[in-house]
Amino acid sequence: MALAGRTAAWWARLRSPCPAAAPLCLPPWLPAGPVACERLYSSRGKEKLDMLMYPVESIRNFSIIAHVDHGKSTLADRLLEITGTIAKTDRNKQVLDKLQVERERGITVKAQSASIFYNHEGVNYLLNLIDTPGHVDFSYEVSRSLSACQGVILVVDANEGIQAQTVANFYLAFEAQLAIIPVINKIDLKNADPERVEKQIEKLFDIPVEECVRISAKQGTNVEKVLQKVIEKIPPPQCNTADPLKALVFDSTFDHYRGVIANIALFGGEIEKGHKIVSAHTKKRYEVNEVGILTPNEQPTHKLYAGQVGYLIAGMKEVTEAQIGDTLFLYKQPVEPLPGFKSAKPMVFAGMYPVDQTEYNNLKSALERLTLNDSSVTVHRDSSLALGAGWRLGFLGLLHMEVFNQRLEQEYNMSVILTAPTVPYKAILSSAKLIKEYGKAEITIINPAQFPDKLSVSEYLEPTVLGTIVTPHEYIGKIIALCQDRRAVQKDMLYIDERRVMLKYLFPLNEIVVDFYDALKSLSSGYASFDYEDAGYQAADLIKMDILLNGNPVEELSTIIHNDKAYATGKFLCERLKDAIPRQLFEIAIQAAIGKKIIARETLKAYRKNVVAKCYGGDITRRMKLLKRQAEGKKLMRKIGNVEVPRDAFIRVLKRQTDK
């Protein structure tokens with residue numbers, strides 16, 4: 003009875019209104035951890051918050067940006083704990099990383115937002131925090147997140163110092179003219195050297211040493227000071243509640259029961275349940291079913307006002323209806339659409355096919371829903387004689403491709419065949435017939451089957467990237483040799499301090515897309531970091547290499563490569579095919595060819611019956627006669643026999659070789 007009374011009293015206290023910044027304390031008789039937090043928030047969510055008490059002047063929208071593994075998600079966890087948004091437990095690790103792939107790999111893949119309430123000097127503030135990914139492949143997520151912010155926290159590891167992605171993210175924020183708060187994390191480590199890192203920040207970014215905040219996100223040291231800096235340094239959003247509604251969709255997810263859930267940033271006006279809204283992109287009209295904020299779980303509110311960041315559910319059932327970068331406005335109150343986002347430029351293309359063609363429609367539905375949540379993936383229909391109907395997908399990098407494939411398997415239970423990655427080439431046509439056929443003189447080639455003949459092309463172009471490598475100085479020699487081997491051209495070399503060097507190289511994209519990062523980490527014992535940005539196209543000596551089986555080309559195995567690498571790649575592919583194709587009753591010639599010229603060959607020997615087994619003596623001519631007859635039979639069989647490459651052999655050859 004006593005326990006029942008205590009429980010009833012606690013639930014009554016929970017339901018009563020409480021100050022926003024008050025920490026949430028769990029009673030001792032409830033289990034600690036995420037389950038308890040979910041119960042707490044589900045009970046709290048029944049009462050809708052009134053967001054009118056947070057005017058534009060008391061709102062701060064900011065992102066946390068950094069290199070991989072410098073402590074962004076840990077800092078986000080501490081900020082959520084300090085403000086009482088989540089209960090303090092030992093299990094609070096990567097609270098905002100909700101995807102299974104993020105928890106398994108220990109990296110952030112999707113930018114996640116959370117609204118936190120904080121009382122500073124007697125004033126209640128609403129802080130909208132966005133935790134962003136650190137890997138170069140997800141820089142599109144970072145640039146999208148910055149569009150909804152007025153400032154950033156730039157986190158730098160006190161041990162590792164400034165890395166390649168730190169530089170890239172700083173310039174993203176600098177170009178967007180956002181307030182930047184430098185934070186030096188992991189000062190509790192034994193080898194931490196915050197003074198050296200402060201000098202690096204001052205030298206590279208021209209930010210005074212006095213503005214740097216030293217913290218330990220893991221232990222919570224000095225984290226409160228970061229919140230105070232956010233309020234002092236980051237300006238409130240420039241917008242007005244009296245203006246007509248203008249909301250930017252900066253992210254969206256699909257829910258099987260409620261349809262599309264759009265994450266929005268309000269740049270004017272207000273929105274509430276029952277409002278009739280229109281999409282500037284599709285011109286479709288919707289009725290708002292629910293609005294709210296993320297804390298980090300969904301928390302419904304009565305209204306959302308200008309300057310606030312939250313979510314919206316409006317009965318959008320089709321995945322194509324919530325375009326990221328779209329502007330929403332009230333019905334009969336049209337506004338000028340917001341600029342939206344620069345569309346992501348795919349750097350890597352790969353073919354994706356269902357393992358079983360009966361799963362085609364299910365995979366199509368899964369792809370539509372996943373590309374809603376990851377709008378940086380481009381999708382084109384494709385088909386193959388060997389693998390059936392499928393798609394040609396464009397990704398921002400190799401890790402992006404692997405994560406997308408893993409999410410398909412984990413979230414939608416889809417097993418797919420993913421072909422070897424290629425990059426988009428261009429060709430400037432000289433043939434009037436082809437120019438008339440394509441309607442333009444410059445075409446983009448994403449599939450080797452579309453590669454035009456050299457006689458009808460004035461020049462081929464390959465994509466290039468400007469790569470930034472930050473490394474300890476003792477590894478410079480090995481790294482320069484690696485870059486030269488990948489046809490890179492050195493552009494700059496700068497000593498950040500007495501121990502670290504920043505190298506800038508112009509790389510052909512196809513030289514770094516598969517295994518460059520792994521080779522760089524291996525050469526530098528894991529200390530070097532790499533980042534790249536698009537640098538346009540340059541003329542290159544490109545060729546199309548075909549694989550022939552007994553003289554017949556196999557379209558799926560054709561590749562576009564640089565002339566210098568043709569022999570090594572051709573020999574490698576022939577060797578892999580020899581291991582993958584089962585032996586036949588006739589000999590199979592596996593050849594790599596450039597036009598009519600054969601550059602590499604492997605021979606798969608035929609199965610042979612021992613026709614001379616019965617000859618245990620006698621004249622040699624008897625043996626020769628039997629062997630000659632067998633050779634003639636094999637020759638005839640080779641003429642009429644077709645080499646059918648089994649599906650699993652295609653998969654083994656087309657998939658990226660990880661152990662080469």
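Take the sequence shown: its letters are residues 3 to 662, numbered as in my numbering. C-beta: ideal position from N, C-alpha, C; glycine also.
When the options are compared against residue i, the one with the closest alpha-carbon
i    : options                   : result
P584 : F252, Y609 and M318       : Y609
K305 : P57, I419 and V350        : P57
I233 : A595, T473 and V125       : V125
S218 : E274, L247 and N161       : N161
E558 : I601, K286, K438 and I549 : I549
K188 : D208, A181 and R216       : R216
E59  : T243, R107 and D52        : T243
N299 : D566, S115, A490 and K493 : S115
I482 : T380, L525 and E444       : L525
D581 : Y173, F588, I592 and Q359 : I592
K231 : I155, P348 and N552       : I155
L511 : T466, D455 and G270       : T466
S147 : V158, N130, R287 and D159 : N130
A324 : E577, V472, E197 and R371 : R371
A537 : V293, I164 and T470       : T470
N193 : G163, M403, S460 and K220 : G163
E444 : L629, I430, I67 and L457  : I430
V666 : H402, I203, K201 and S254 : With the chain running from 3 to 662 in the structure shown, residue 666 is simply not present.
Q102 : R501, E604, S432 and F406 : F406
S254 : L496, W393 and I263       : I263
P356 : S417, T284, V472 and R260 : S417
T380 : L389, A150, L387 and G353 : G353
V70  : R198, T134 and G153       : T134
P246 : V350, Y307 and N224       : Y307
T87  : T297, P238 and Q152       : T297
Anticipated Cβ contact below 8 Å, residue i with residue j, distance rounded
i    : j    : result
Y362 : K278 : With 8 Å as the limit, Y362 and K278 do not qualify as a contact, their Cβ atoms being about 38 Å apart.
Y462 : Y519 : In fact, because the Cβ distance is near 26 Å, the residues do not count as touching under 8 Å.
I61  : Q310 : 6 Å
I266 : G312 : 6 Å
F450 : K546 : The sequence given here places Pro at residue 450; Phe does not occur at that position. About 6 Å separates the two Cβ atoms, so the contact holds.
Y414 : P474 : Wrong, their Cβ atoms sit about 42 Å apart, outside the cutoff.
V293 : T303 : 6 Å
I562 : T421 : Contact flag wrong, Cβ pair sits at about 14 Å.
L128 : L229 : Incorrect: roughly 12 Å between the Cβ atoms, too far for contact.
V290 : L268 : At roughly 13 Å, the Cβ-Cβ gap does not stay under 8 Å, so V290 and L268 are not in contact.
Y569 : I601 : 5 Å
Buried versus exposed call for residue i [16 or more other C-beta atoms within 10 Å across all chains shown]
i    : result
E513 : buried
L32  : Its pLDDT being 37, under 50, L32 is placed unreliably by the model, and nothing is read from it.
K607 : exposed
S65  : buried
P336 : exposed
A316 : buried
H137 : buried
G619 : exposed
M318 : buried
V211 : exposed
K435 : exposed
I182 : buried
S527 : exposed
L457 : exposed
L54  : exposed
S44  : Confidence in S44 is poor, its pLDDT being 39 and thus under 50, which makes the residue's placement unreliable; the coordinate value appears in the next sentence. Under this definition S44 is an exposed residue.
Residue(s) in a DSSP beta bridge with residue i
i    : result
Y67  : Going by the sequence as given, residue 67 is Ile instead of Tyr. DSSP lists L156 as partners of I67.
I419 : Y355
G270 : K248
L431 : V459
I545 : I563
E464 : Q540
V491 : L508
R287 : V280
R117 : Rather than Arg, the amino acid found at residue 117 in this sequence is Ser. Answer is N130, bridged to S117.
K599 : I596
P302 : G294
F256 : V262
Closer than 8 Å to chain B by CB, residue i
i    : result
K205 : Absent from the structure is chain B; it holds one protein chain and no more.
Residue i CB to nearest heavy atom of the ligand GTP below 7 Å
i    : result
P298 : Among the ligands in the structure shown, none appear at all, so the ligand GTP cannot be discussed.
With three or more beta-carbon pairs closer than 8 Å as the criterion, would you say the stretch 359-379 touches the stretch 73-85?
no
Okay, do the stretch 383-401 and the stretch 269-285 touch, 3+ Cβ pairs below 8 Å being the bar?
no
If you pair each beta-carbon of the stretch 496-510 with each one of the stretch 136-152, do three or more pairs fall below 8 Å?
no
When you compare the stretch 485-500 with the stretch 179-197, are there three or more beta-carbon pairs, one atom per stretch, that lie closer than 8 Å?
no
Touch check for the stretch 527-546 and the stretch 194-206: three-plus C-beta pairs under 8 Å?
no
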